[in-house]
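For the sequence shown, my numbering begins at 126 and goes up steadily by one. A virtual CB, placed ideally from N, CA and C, is assigned to each residue, including glycine.
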Amino acid sequence: MDLKWFRVPRDVVFGAGTLEYLKQVQGSKAFICMGKNSMRANGVLDKVTGYLKEANIDYTIFDGVEGDPSVETVYRGAEKMKAFAPDLILGLGGCSAIDAAKAMWVFYEYPDKRFEDIKAPFSIPPLRNKAKFIAIPSTSGTGTEVTCVAVITEQGGIKHPLASYEITPDIAILDPEICLSMPPNVTADTGVDALSHALEAYVSTMANDYTDTLALESIKTIFEWLPKAFKDGSDITARTKMHIAQNYAGMSFSNAILGIDHSLSHKISTINTTHGRCNTILMPAVIQYNSKVAGQRYAQIAKYLELPGSSNEELISSLVITIKNLNSSLGIPASLKELGMDESSFLENVETFAKAALEDPCTGTNPRQPSVEDLIQVYKAAYYGYDVVI
126 MDLKWFRVPR
136 DVVFGAGTLE
146 YLKQVQGSKA
156 FICMGKNSMR
166 ANGVLDKVTG
176 YLKEANIDYT
186 IFDGVEGDPS
196 VETVYRGAEK
206 MKAFAPDLIL
216 GLGGCSAIDA
226 AKAMWVFYEY
236 PDKRFEDIKA
246 PFSIPPLRNK
256 AKFIAIPSTS
266 GTGTEVTCVA
276 VITEQGGIKH
286 PLASYEITPD
296 IAILDPEICL
306 SMPPNVTADT
316 GVDALSHALE
326 AYVSTMANDY
336 TDTLALESIK
346 TIFEWLPKAF
356 KDGSDITART
366 KMHIAQNYAG
376 MSFSNAILGI
386 DHSLSHKIST
396 INTTHGRCNT
406 ILMPAVIQYN
416 SKVAGQRYAQ
426 IAKYLELPGS
436 SNEELISSLV
446 ITIKNLNSSL
456 GIPASLKELG
466 MDESSFLENV
476 ETFAKAALED
486 PCTGTNPRQP
496 SVEDLIQVYK
506 AAYYGYDVVI
């Protein structure tokens with residue numbers, strides 16, 4: 126039996142003004158997890174709490190989640206969650222707030238669990254015994270509002286992706302109006318993060334007809350609309366297109382999983398940069414490395430984008446060039462060195478990074494299974510900006 130699956134939230138509510146859907150949710154107590162100041166500053170938090178009041182839902186707020194949510198922050202949030210005893214959990218804001226809330230949810234329902242108990246892929250026990258989860262993203266990038274993944278940072282700055290369909294939200298609210306205040310650099314970094322999700326999902330060893338369709342449409346939409354959203358953040362059409370495109374990418378990779386672009390990025394993206402920016406700088410080198418076994422798949426992406434090329438090699442080259450051109454148009458450096466990573470520190474630690482990346486859960490579904498030496502060469506190609514030839 127060739128058993129496959131496609132798992133997404135029960136409800137995906139989308140369109141301008143859909144934050145008001147909160148007036149329809151069922152519950153009595155909501156725990157709102159968010160970052161630092163942006164949701165307050167742009168008035169979104171006031172709207173959320175206002176709608177909850179209209180629905181006669183009590184609430185408490187846990188704020189201050191950092192850009193790379195730590196295990197310690199997750200534990201602190203879980204303790205406040207236990208004390209409040211909510212039946213609704215709202216992850217509000219960027220991916221960090223939503224990811225942190227996902228992890229807090231596990232420890233709220235299972236107080237005796239520790240982070241080490243849930244690190245292995247798909248090891249989280251059944252949830253929804255105490256609460257359901259609503260995700261409201263303020264950026265158009267990670268797709269975490271529809272995924273089975275939460276990225277938490279351990280001591281030493283190493284990011285660890287928790288993976289379980291148990292932490293897939295129950296409801297995702299995609300209101301592009303929330304994104305109108307997103308600055309250009311965040312628009313760029315989150316947008317290329319979504320692109321990396323779709324590209325990796327399409328070449329994953331777990332890709333299927335459902336994930337392929339979503340990935341291809343996401344890629345095409347991002348190339349068309351990300352530059353427009355970057356140039357004019359008040360363009361509600363561009364914001365809407367990007368919010369949906371990143372959601373497509375999220376649904377795709379949540380079911381197909383990812384590859385070494387993310388494995389490599391998880392180990393170094395706390396250095397001088399954001400996760401999305403690190404992903405897209407690594408992307409050309411990863412495509413060149415993977416093309417030895419997934420060349421046909423990358424060529425199909427290039428054809429879908431109507432890029433020039435009469436052979437797989439020419440199409441792959443066009444795809445790499447197109448990604449580099451997109452990055453340049455968004456003000457993203459062409460290499461990790463240009464980004465500002467210290468060369469001596471990078472070279473001193475690159476083997477350690479590569480060994481950690483090899484053990485990352487995303488490596489298992491990469492189309493080409495690497496060695497530590499392979500990953501070192503990919504890292505170096507991305508650092509110096511040269512082509513991968515292995």
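One or two residues paired with residue i in a DSSP bridge
i, result
"cysteine 158", "Phe187 and Gly216"
"isoleucine 261", "Leu217"
"serine 469", "The partner list for serine 469 (beta bridge, DSSP) is empty, contrary to what the question assumes."
"serine 195", "Thr278"
Residue i: first and last residue of the uninterrupted beta strand (DSSP E) it sits in
i, result
"alanine 288", "284–288"
"threonine 278", "274–278"
"aspartate 136", "136–139"
Rounded distance between the beta-carbons of residue j and residue i, thought under 8 angstroms
i, j, result
"leucine 383", "cysteine 487", "4 angstroms"
"alanine 208", "tyrosine 233", "Their Cβ separation, rounded to whole angstroms, is 10 angstroms, which puts alanine 208 and tyrosine 233 out of contact at 8 angstroms."
"isoleucine 412", "alanine 427", "About 10 angstroms; that fails the 8 angstroms criterion."
"glutamine 371", "serine 265", "5 angstroms"
"serine 329", "alanine 381", "4 angstroms"
"alanine 260", "alanine 228", "With 8 angstroms as the limit, alanine 260 and alanine 228 do not qualify as a contact, their Cβ atoms being about 13 angstroms apart."
"leucine 432", "serine 443", "4 angstroms"
"asparagine 271", "valine 133", "According to the sequence shown, residue 271 is valine rather than asparagine. Indeed, because the Cβ distance is near 6 angstroms, the residues count as touching under 8 angstroms."
"glycine 358", "threonine 312", "6 angstroms"
"methionine 159", "isoleucine 186", "7 angstroms"
"proline 492", "alanine 419", "4 angstroms"
Range of the contiguous alpha helix (DSSP H) that encloses residue i
i, result
"threonine 312", "309–328"
"alanine 210", "That residue, alanine 210, is in no alpha helix (DSSP H); it is neither H nor E in DSSP."
"isoleucine 296", "No alpha helix (DSSP H) holds isoleucine 296; the beta strand (DSSP E) holding it covers 296–299."
"glutamine 371", "361–381"
"glycine 520", "Nothing can be reported for residue 520: it is not among the residues displayed for the chain, which extend from 126 to 515."
"arginine 165", "163–166"
"glycine 510", "Where glycine 510 is concerned, there is no enclosing alpha helix (DSSP H), given that its DSSP letter is neither H nor E."
"phenylalanine 240", "Segment: none, phenylalanine 240 is in no alpha helix (DSSP H) and carries neither H nor E."
Nearest-angstrom Cα separation, counted from residue j out to residue i
i, j, result
"aspartate 212", "glutamate 468", "49 angstroms"
"leucine 464", "asparagine 397", "7 angstroms"
"aspartate 171", "serine 321", "33 angstroms"
"phenylalanine 378", "serine 248", "19 angstroms"
"phenylalanine 478", "valine 503", "11 angstroms"
Contact under 8 angstroms by Cβ, residue i with residue j
i, j, result
"threonine 395", "aspartate 224", "no"
"leucine 144", "isoleucine 298", "yes"
"leucine 430", "threonine 447", "yes"
"isoleucine 292", "cysteine 304", "no"
"leucine 147", "valine 169", "no"
"phenylalanine 131", "leucine 215", "no"
"proline 409", "lysine 449", "yes"
"isoleucine 406", "alanine 482", "no"
Any non-hydrogen atom of the ligand SAH within 7 angstroms of residue i CB
i, result
"asparagine 491", "Among the components modelled here there is no ligand, and therefore nothing to report on the ligand SAH."
Contact with chain C by residue i, beta-carbon distance below 8 angstroms
i, result
"arginine 493", "Included in the structure is just one protein chain, with no chain C present."
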